[in-house]
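Residue numbers (the numbering used here): 2 to 76.
Take a look at the structure:
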């Protein structure tokens with residue numbers, strides 16, 4: 002799934018303010034805001050600012066080891 006959005010706010014969370022920033026992203030496709038917390042270093046490295054257009058990719062991953070254990074579990 003790929004969602005396009007725009008960063009509407011970058012805030013400092015109440016705890017770990019020296020390490021993290023909270024991004025608020027408007028996703029027009031859903032008509033909702035999405036909030037996510039990221040490391041401040043990553044935000045600075047990517048050059049993210051309010052008003053930037055971004056894409057969010059959501060992938061479903063699965064744990065092969067867990068799946069194998071479930072399949073081999075004695076019945």
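Even for Gly, the Cβ is constructed at its ideal location relative to N, Cα and C. Here the structure is a predicted model, which is why all the values come from computation and not from measurement.
- Task: Under 6 angstroms Cβ to Cβ from residue 12, same chain only, skipping five residues before and after it: list those, please.
- Result: 23
- Return the first residue and the last residue of the beta strand (DSSP E) that residue 4 is part of. 3-12
- Which residue's Cα is closest to the Cα of residue 21: 63, 36, 59? 36
- Message: Does residue 57 pass the burial test, meaning 16 or more other C-beta atoms within 10 Å, or should it be called exposed?
- Response: exposed
- Task: Please state if the CB of residue 25 and the CB of residue 10 are separated by a distance shorter than 7 angstroms.
- Result: yes
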